Amino acid sequence: MIEPLDVLAVMAHPDDAEILCGGALIKSAKAGERTGVLDLTAGEAGSSGTIATRAREAECAAGVMGLADRRCAGLEDSGLTNDRESRLVVAGLIRALRPRVVVTHWTEGRHPDHREAARLARDASFLAGLLKLPVAGAPHRPEKLVYALSFLENPVKPTFVVDITGEMDRKIDALSCYDSQFQGKTGMGEVFPGGDRPLFEQIRNVHGSYGALIRCGYAEPYWTKETVEAPTLGTLSVRSF
Ligand SMILES: [Zn+2]
295 MIEPLDVLAV
305 MAHPDDAEIL
315 CGGALIKSAK
325 AGERTGVLDL
335 TAGEAGSSGT
345 IATRAREAEC
355 AAGVMGLADR
365 RCAGLEDSGL
375 TNDRESRLVV
385 AGLIRALRPR
395 VVVTHWTEGR
405 HPDHREAARL
415 ARDASFLAGL
425 LKLPVAGAPH
435 RPEKLVYALS
445 FLENPVKPTF
455 VVDITGEMDR
465 KIDALSCYDS
475 QFQGKTGMGE
485 VFPGGDRPLF
495 EQIRNVHGSY
505 GALIRCGYAE
515 PYWTKETVEA
525 PTLGTLSVRS
535 F
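Following my numbering, the numbering of the sequence shown begins with 295 at its first residue and continues without gaps.
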């Protein structure tokens, strides 16, 4: 059994974790937290890059982000479904990795796999804790589920943002591993083009805008069903004026 993870990103395709929560994963790893990525599919339906190329790229990015673990659930790309069979596969992997926090896609999105991934991650996280679930491994239920909000066309107000000013360059380094996907692009997946701005510049712009919400350089936005706790009123941060 491996040492439990602090944070696990459960995302539809290789490169989704980097785009949506790469900065926060890098920051967690720097802080000594054990981080991991579970790619639900190998991205085999993507228009460019073979499975082998994409696996190599994902491994390269895992190294750049300092992940303790990265694996692929092997579910069907462009056919991701929150059915019982898929939930059992993901629940088994959650039992193996034992994350405290799970990060996944927002529940709406352009790619159907992203929407399904959000529901699959939530349901599998719950089921993994059931004693009698017919899946190998000891029951384990993550304590917290967090949705990554970056690049939504219909933006949702974040519950919180993570300051990734110090991690922005390395996030771009991780994305640079995905040569087969991003070379020469201005938009990709949920990242809509900003005119003819190069893709990485467009990604920086979006994180810059979220950074301004907490008066920092760059940030990644997240949402939770639960209310976020403040220790006292006197320690509240982010200026109102
Ligand atoms: Zn994707």
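Built from N, CA and C at the ideal position, the CB exists for glycine as well.
Here the structure is a predicted model, which is why all the values come from computation and not from measurement.
Just to confirm, does residue i get its C-beta within under 7 angstroms of one of the non-hydrogen atoms of ligand 1?
i      : result
ASP407 : yes
ALA306 : yes
GLY483 : yes
ASP310 : yes
For residue i, does the count of other Cβ atoms within 10 angstroms reach 16, so buried, or fall short, so exposed?
i      : result
GLN477 : exposed
GLY337 : buried
GLU351 : buried
ALA432 : exposed
SER531 : exposed
ALA356 : buried
LEU527 : exposed
VAL450 : exposed
GLY340 : buried
LEU425 : exposed
GLY373 : exposed
ALA422 : buried
PRO308 : buried
PRO487 : exposed
ARG392 : buried
ILE296 : exposed
PRO452 : buried
PRO346 : It is worth fixing the name first, because residue 346 is Ala in this sequence and not Pro. Exposed.
Which partner residues does residue i have in the DSSP bridge list?
i      : result
GLY330 : LEU302 and ASP363
LEU439 : VAL396
ASP377 : BP columns for ASP377 are empty, so no partner.
THR335 : LEU369
ASP457 : ALA513
VAL485 : MET482
Please check the pair residue i and residue j, which I expect to be a contact at CB under 8 angstroms, by giving their CB distance rounded to whole angstroms.
i      : j      : result
VAL384 : LYS438 : Wrong, their Cβ atoms sit about 17 angstroms apart, outside the cutoff.
LEU361 : VAL331 : 6 angstroms
ILE320 : ARG464 : 5 angstroms
SER342 : SER474 : 5 angstroms
GLY317 : GLU495 : Incorrect: roughly 16 angstroms between the Cβ atoms, too far for contact.
PHE445 : VAL500 : 6 angstroms
HIS405 : ALA311 : Not a contact, Cβ separation roughly 14 angstroms.
ASP333 : ARG381 : Incorrect: roughly 17 angstroms between the Cβ atoms, too far for contact.
ASP467 : VAL358 : 5 angstroms
TRP400 : ALA367 : Their Cβ separation, rounded to whole angstroms, is 19 angstroms, which puts TRP400 and ALA367 out of contact at 8 angstroms.
Any heavy atom of ligand 3 inside 7 angstroms of the beta-carbon of residue i?
i      : result
THR344 : Of the ligands this structure carries, namely ligand 1, none is ligand 3.
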